[in-house]
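Asker:
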Amino acid sequence: MTRLSDGERLQPAAPPASAGSTWRRRWRAARLWVAIAVLVGLAALYYALAQGADDGRALSPGNPAPEGAQAVARVLGDHGVTVEQPRDLDAALAALSASGGHSTLLLHDPQAYLGRDQLARLARASRHTVLVTPGSPQLRAFAPGIRPAGVVPEDAASPVDAGCALPAVAETRNAAAGGKMYRAATGCFAYPTSAGPAYGYAVEGTTTVLGNPGYLANGDVLAFDHAPLALRTLGAEPTLIWYQPTIADHESTGPAASPFELLPGWVSPALGWLMVFGVLAICWRARRDGPLVPEPLPVVVPASETAEGLARLYRDGHAVGAAVAALRSASLARLAAHLRLGHGSSADSIVATAAKESGIPGPRLRRLYFPDQVATEAALVAWAQELHTVEKEIGIP
Amino acid sequence: MALHRRFVWLALAGLLPVVLWPGGWTIAATLFVLLAAAGLDVVLAASPRTVAIERAVPRSVRLGEPATAHLYLRNTGSRRLRGRARDGWQPSAGATGTRFAVDLPPGERRGFAIGLLPVRRGDLAVHHTTLRSAGPLGLASRQLTHSSPGSVRVLPPFHAKRHLPSKLQRLRELDGRAAIQVRGAGTEFDSLRDYVRGDDVRSIDWRATARRQNVVVRTWRPERDRRVVIVLDTSRTSAARIADEPRLDTGMEAALLLAVLAERGGDRVDFLAYDRRPRARVGSASKGVMLTQLVESMAPLEPELIEADFSGLPAQVRAISSHRSLLVLLTALDSGAVEEGLLPILPALASQHVVVIAAVRDPELDLLASDVSDTAAVYRAAAAARTLQQREALKEQLRAVGAEVVDAAPLELPPVLADTYIRLKATGRL
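In order, the protein sequence lines correspond to chains X and R.
This note's numbering puts the last residue of the first sequence at 397; the count rises by one with no breaks.
This note's numbering puts the last residue of the second sequence at 827; the count rises by one with no breaks.
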């Protein structure tokens with residue numbers, strides 16, 4: 001038998017609930033979080049699938065967004081033009097050679113991923129090329145006679161007339177002004193500059209240069225006469241090879257493009273395992289040894305808070321008069337108590353007795369206890385300190 | 398289920414196969430092996446469900462004094478249980494040794510001591526005990542929280558008892574004192590004794606002297622068996638903290654000192670904690686164990702966040718004592734609460750009883766009132782001065798209707814109240 005000290009009693013605890021009810025309780029506590037986790041997972045899955053389905057790149061033939069070019073590609077497809085979208089340079093070259101010369105190559109490479117050699121290979125393989133907003137390297141490879149002439153701000157309000165007699169532009173009266181401009185022997189949508197006209201649509205041989213992506217983009221293709229321009233330009237051959245190079249086509253110039261390629265093969269699995277290890281370590285540390293114990297805290301009220309609040313009211317209202325009255329009457333009460341003058345004595349008699357008893361000149365005391373000059377806060381502080389000093393002189397502790 | 402440090406080290410060692418045979422399948426296989434090992438460990442561990450828990454908790458402990466609670470674990474299962482346990486005491490119990498290692502062979506019982514050093518008055522509770530039963534591999538544990546309620550009552554500390562010897566001494570000096578110095582209504586005849594030099598000649602009992610050779614004087618003793626009713630205000634004003642102690646606790650100290658003193662002085666003490674209704678009552682019927690009962694009933698009192706309603710107080714006092722008593726009211730001298738609640742009923746009470754109103758004075762206000770260093774301080778000083786003056790005016794009002802007022806700083810309130818009691822007793826006003 002256990003020996004208990006005085007006043008102790010042995011309390012047996014109730015046996016724990018059955019395993020089933022414990023699990024039910026845990027499920028009830030966790031089901032909200034489980035539901036939230038499932039919802040988040042489903043949402044992530046949905047977005048992953050939705051992202052994979054369409055192509056978010058600008059001027060992509062599969063992108064239905066305003067900056068995409070699905071509309072032009074569909075219309076071309078309806079008119080019997082096969083639109084191919086090669087994934088990389090090799091696929092583009094293969095498609096070009098498969099078409100046997102009866103194809104248009106659309107090259108849209110705003111980031112200039114392709115190097116000089118790659119562009120030269122494409123130029124050799126392609127007979128009919130449309131370059132969308134090309135830079136100097138692409139122009140050098142495909143149309144050495146066309147040179148970039150800077151950028152003109154987009155101006156949707158005032159279209160610019162075609163002003164040329166190219167067959168592809170025959171049905172086009174006007175188009176949006178702006179975009180990249182090029183100097184060439186032949187061109188449309190001219191923009192006059194001091195060094196001669198710059199064109200938004202330039203042609204040299206079999207190469208056409210489009211300076212404004214708006215001619216093809218879904219959002220702008222219906223404006224002005226963009227649609228016939230785009231269809232005429234791209235639909236000349238039965239096959240359209242719509243090639244947009246990606247970072248994967250970028251030919252590295254240095255010895256190593258990415259530092260990860262230099263690492264041995266086991267590093268990334270090891271890093272993955274370390275992440276798993278981190279999760280396990282979190283599970284180890286995060287498990288509490290039992291529920292938290294609450295502490296019912298008592299109410300705590302600082303006692304002097306009403307006085308502090310009153311002081312803040314005085315200060316916010318600049319209540320100099322009220323402060324003077326309170327300090328003066330408190331000081332008079334202390335004085336009366338010190339001089340043993342009873343409660344009923346008037347301020348006059350208290351001050352007179354104080355002057356007599358302490359030897360402080362009466363006029364000074366009267367000025368102090370019947371103040372009429374205290375109007376500002378600075379004067380209030382000076383007066384209160386004077387009052388304090390005089391009380392000390394009289395001998396009030 | 399809970400993982401162990403060893404499991405985490407093993408997971409780190411799992412880096413080796415991942416490095417040797419890099420690939421996603423290696424990671425999956427290593428993870429599977431690890432989790433299977435942990436699962437096996439959990440299955441092999443003894444069930445913490447089979448542990449029966451008993452606890453022995455001291456009934457009460459004085460605030461600030463250590464105590465020991467015991468926890469007994471008995472293994473009713475058939476497997477040896479090794480692991481750890483944690484006893485969930487609330488933080489203010491100051492429990493030490495609440496996390497300990499457990500090794501329970503089947504059918505055996507072990508006791509564990511848990512040190513308590515409470516830092517708060519009241520009923521401090523423990524609700525649950527959590528057991529972790531480790532598996533034989535030491536990788537993972539089963540964890541279960543048992544409900545195992547217990548509570549210990551933490552009594553008020555009664556620091557004021559250090560004043561008790563000197564006050565008792567003064568109380569004894571009242572006994573047998575020549576009555577003439579304190580002549581007044583109600584002093585009781587005690588005995589006759591020989592005259593010694595210094596006794597007042599007016600107290601000589603001539604009739605007794607005539608029967609004997611020596612001059613005999615009468616001695617008196619203070620009245621006994623008077624009633625002292627202590628009322629402790631537990632309304633919202635008692636929650637205010639003055640000098641890091643709530644008014645309620647200061648009131649308890651004062652009430653305890655007064656109660657012990659009055660009981661030794663031969664009076665009957667009743668205690669009532671009251672705001673709108675009685676919160677605690679201790680009657681005078683049981684002499685000798687009064688102090689124990691008093692601290693027991695005071696321990697769970699907390700300030701109630703409601704305004705006191707003193708209109709029911711006269712009826713409560715009448716129910717305790719129909720005779721003339723010393724009524725000590727431990728409350729706060731806040732102008733609003735007292736003017737509206739206490740002043741209207743006080744004349745009736747004071748006509749029937751001797752009323753003492755004891756309140757804690759805030760030393761902070763005196764400090765504020767004497768600081769005039771800058772603008773903000775001057776405004777604070779003005780506000781403090783105004784508050785103090787209102788308080789003085791209130792005390793005057795209370796005295797005018799016939800109540801004694803005791804107003805002292807927290808540490809001084811118990812001895813000052815005791816002095817007031819001794820003075821009232823000595824002047825025979827009880």
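Heads up, the beta-carbon is just placed ideally off N, CA and C, and yes, glycines get one too.
Note that the coordinates shown come from a computational prediction; the quantities given were computed from them, not determined experimentally.
#1: Measure the beta-carbon distance from Leu-119 (chain X) to Leu-105 (chain X) and round it to whole angstroms, keeping in mind my assumption that it falls under 8 Å.
#2: Distance, Cα to Cα, Val-301 (chain X) vs Ala-729 (chain R)?
#3: Out of R:Val-458, R:Ala-464, R:Arg-665, R:Pro-445, which one is the CA nearest neighbour of Arg-624 (chain R)?
#4: Give a yes or no on whether the C-beta atoms belonging to Ala-303 (chain X) and Arg-452 (chain R) are separated by under 8 Å.
#5: Just verifying my parser: in three-state terms, what is the DSSP assignment at Trp-418 (chain R)?
#6: Can Thr-129 (chain X) and Thr-207 (chain X) be called in contact, C-beta distance under 8 Å?
#7: Just the C-alpha distance for Leu-746 (chain R) and Pro-711 (chain R), rounded to the nearest angstrom, thanks.
#8: What residues from chain X crowd round Asp-759 (chain R), counting only those whose CB sits closer than 8 Å?
#9: Touch check for the region 783-800 of chain R and the region 692-711 of chain R: three-plus C-beta pairs under 8 Å?
#10: Considering only DSSP beta bridges, list what Cys-188 (chain X) is partnered with.
#11: When we look at the beta-carbon of Phe-555 (chain R) and count the other beta-carbons within 10 Å, is it buried (16 or more) or exposed?
#12: What first and last residue would you give for the beta strand (DSSP E) that runs through Met-398 (chain R)?
#13: Return the bridge partner residues of Asp-520 (chain R) from the DSSP annotation.
#14: Quick check: Ala-307 (chain X) and Leu-765 (chain R), are their CB atoms within less than 8 Å of each other?
#15: Based on Cα-Cα distance, which residue from R:Glu-693, R:Leu-740, R:Leu-723 lies nearest to Gly-825 (chain R)?
#16: According to DSSP, Leu-470 (chain R) sits in a beta bridge with which residue or residues?
#17: What does the Cβ neighbour count give for Ser-268 (chain X), buried or exposed, with the cut at 16 atoms within 10 Å?
#18: Val-499 (chain R) touches chain X at which residues, Cβ-Cβ below 8 Å?
#19: Can you give me the start and stop residues for the alpha helix (DSSP H) that Pro-811 (chain R) sits inside?
#20: Could you tell me whether the Cβ atoms of Arg-229 (chain X) and Ala-165 (chain X) are closer together than 8 Å?
#21: Is the beta carbon of Gly-357 (chain R) sitting closer than 8 Å to the one on Ala-531 (chain R)?
#22: According to DSSP, simplified to helix, strand and coil, what is Glu-393 (chain X)?
#23: Name, in chain order, the residues that DSSP records as bridge partners for Ser-349 (chain X).
#24: Is the Cβ of Ala-636 (chain R) closer than 8 Å to any Cβ of chain X?
#25: Identify the contact partners of Gly-265 (chain X) in chain R, using a Cβ-Cβ distance below 8 Å as the criterion.
#26: Within 8 Å of any Cβ in chain R, is that where the Cβ of Tyr-369 (chain X) sits?
#27: Val-285 (chain X) lies in the alpha helix (DSSP H); which residues open and close that run?
#28: Which full runs of the beta strand (DSSP E) of 3+ residues lie inside the region 134-167 of chain X, going along the chain?
#29: When the Cα atoms are used, what is the spatial distance from Phe-509 (chain R) to Tyr-469 (chain R)?
#30: Rounded to a whole number of angstroms, what is the C-alpha to C-alpha distance between Val-579 (chain R) and Ala-379 (chain X)?
#31: Which residues in chain X have a C-beta closer than 7 Å to the C-beta of Val-775 (chain R)? List them in chain order.
#32: Which residue marks the beginning of the beta strand (DSSP E) containing Glu-834 (chain R), and which one marks its end?
#33: Using a Cβ-Cβ cut-off of 8 Å, state whether Thr-772 (chain R) counts as contacting chain X.
#34: Gln-244 (chain X) to Leu-45 (chain X), Cα distance in whole Å?
#35: For the beta strand (DSSP E) that Arg-127 (chain X) lies in, which residues bound it at each end?
#36: If we cut at 8 Å on Cβ distances, does Ser-632 (chain R) have a partner in chain X?
Answerer: Once the coordinates are examined:
#1: In the first sequence, counting from the first residue as 1, residue 119 (chain X) sits at position 119. In the first sequence, counting from the first residue as 1, residue 105 (chain X) sits at position 105. Actually they are not in contact, since the Cβ atoms of Leu-119 (chain X) and Leu-105 (chain X) sit about 11 Å apart, beyond 8 Å.
#2: Position 301 of the first sequence, counting from 1, holds the residue named residue 301 (chain X). Position 332 of the second sequence, counting from 1, holds the residue named residue 729 (chain R). Approximately 13 Å between the Cα atoms of the pair.
#3: Here residue 624 (chain R) corresponds to residue number 227 of the second sequence, with the count starting at 1. Of the listed residues, the one whose Cα sits closest to Arg-624 (chain R) is R:Arg-665.
#4: As a working note, residue 303 (chain X) is residue 303 in the first sequence. As a working note, residue 452 (chain R) is residue 55 in the second sequence. It is not a contact, given that the beta carbons lie outside the stated cut-off.
#5: What you label residue 418 (chain R) is simply residue 21 of the second sequence in a count that begins at 1. Three-state result, Trp-418 (chain R): coil.
#6: Indexing the first sequence from 1 puts residue 129 (chain X) at position 129. Indexing the first sequence from 1 puts residue 207 (chain X) at position 207. Yes. Within cutoff.
#7: In the second sequence, the residue the question calls residue 746 (chain R) occupies position 349. In the second sequence, the residue the question calls residue 711 (chain R) occupies position 314. One C-alpha to the other measures close to 7 Å.
#8: Counting from one through the second sequence, the residue named residue 759 (chain R) turns up at place 362. Within chain X, the residues near Asp-759 (chain R) are Ala-303, Ser-304.
#9: no
#10: Residue mapping note: residue 188 (chain X) aligns to position 188 of the first sequence, counting from 1. Answer is X:Tyr-201.
#11: As a position in the second sequence, residue 555 (chain R) is number 158, starting the count at 1. Counting Cβ neighbours within 10 Å, Phe-555 (chain R) comes out buried, since at least 16 surround it.
#12: Position 1 of the second sequence holds residue 398 (chain R). Premise fails: Met-398 (chain R) is in no beta strand (DSSP E) and is neither H nor E.
#13: Numbered from 1 along the second sequence, position 123 holds the residue referred to as residue 520 (chain R). Paired residue(s): R:Arg-550.
#14: Residue numbering aside, residue 307 (chain X) sits at position 307 when the first sequence is read from its first letter. Residue numbering aside, residue 765 (chain R) sits at position 368 when the second sequence is read from its first letter. Yes, the pair counts as a contact, with Cβ atoms nearer than the cut-off.
#15: Here the question's residue 825 (chain R) lines up with position 428 in the second sequence. Measuring from the Cα of Gly-825 (chain R), the nearest candidate turns out to be R:Leu-723.
#16: Translated into positions along the second sequence, residue 470 (chain R) becomes position 73. For Leu-470 (chain R), which the question treats as bridged, DSSP gives the partners R:Ile-450, R:Arg-507.
#17: For the purposes of this step, residue 268 (chain X) is taken as the residue at position 268 of the first sequence. Exposed, since its Cβ has fewer than 16 Cβ neighbours within 10 Å.
#18: For the purposes of this step, residue 499 (chain R) is taken as the residue at position 102 of the second sequence. Result: empty, since nearest Cβ-Cβ is about 12 Å, beyond 8 Å.
#19: By one-based count along the second sequence, residue 811 (chain R) stands at place 414. 810-823 is the extent of the alpha helix (DSSP H) around Pro-811 (chain R).
#20: Mapped onto the first sequence, residue 229 (chain X) falls at position 229. Mapped onto the first sequence, residue 165 (chain X) falls at position 165. Arg is not the amino acid found at residue 229 (chain X); the sequence shown has Leu there. No, Cβ-Cβ distance for Leu-229 (chain X) and Ala-165 (chain X) is not below 8 Å.
#21: Because chain R in this structure spans residues 398 to 827, residue 357 (chain R) falls outside the shown range and cannot be described.
#22: The residue labelled residue 393 (chain X) in the question sits at position 393 within the first sequence. Looking at Glu-393 (chain X) - three-state DSSP - the assignment turns out to be helix.
#23: If you number the first sequence from 1, residue 349 (chain X) lands on position 349. BP columns for Ser-349 (chain X) are empty, so no partner.
#24: To locate residue 636 (chain R), count along the second sequence from 1; it is residue 239. Yes, contact with chain X.
#25: Residue mapping note: residue 265 (chain X) aligns to position 265 of the first sequence, counting from 1. The contacting residues are Pro-419.
#26: Position 369 of the first sequence holds residue 369 (chain X). Not closer than 8 Å to any Cβ of chain R, the Cβ of Tyr-369 (chain X) fails to qualify, so no.
#27: Working through the first sequence from its first residue, we reach residue 285 (chain X) at position 285. The displayed chain sequence assigns Arg, not Val, to residue 285 (chain X). Unbroken alpha helix (DSSP H) run through Arg-285 (chain X): 267-286.
#28: 147-161
#29: To locate residue 509 (chain R), count along the second sequence from 1; it is residue 112. To locate residue 469 (chain R), count along the second sequence from 1; it is residue 72. Roughly 6 Å between the two C-alpha positions.
#30: In the second sequence, the residue the question calls residue 579 (chain R) occupies position 182. In the first sequence, the residue the question calls residue 379 (chain X) occupies position 379. Caution applies to Val-579 (chain R), whose pLDDT of 45 falls short of 50 and renders its modelled position unreliable; the value that the coordinates give is listed next. Approximately 55 Å between the Cα atoms of the pair.
#31: Taking the second sequence and counting its residues from 1, the one referred to as residue 775 (chain R) is at position 378. Ordered by position in chain X, the residues that pass the 7 Å Cβ test against Val-775 (chain R) are Ala-323, Leu-380, Val-381, Ala-384.
#32: No answer is possible for residue 834 (chain R): it lies beyond the span of chain R, which begins at 398 and ends at 827.
#33: If you number the second sequence from 1, residue 772 (chain R) lands on position 375. It does; some Cβ of chain X falls within 8 Å.
#34: Here residue 244 (chain X) is taken as the residue at index 244 of the first sequence, counted from 1. Here residue 45 (chain X) is taken as the residue at index 45 of the first sequence, counted from 1. Cα to Cα, Gln-244 (chain X) sits roughly 28 Å from Leu-45 (chain X).
#35: For the purposes of this step, residue 127 (chain X) is identified with residue 127 of the first sequence, where counting begins at 1. Here Arg-127 (chain X) belongs to no beta strand (DSSP E), and DSSP marks it neither H nor E.
#36: Counted from its first residue, the second sequence places residue 632 (chain R) at position 235. No, because no Cβ of chain X sits closer than 8 Å to the Cβ of Ser-632 (chain R).
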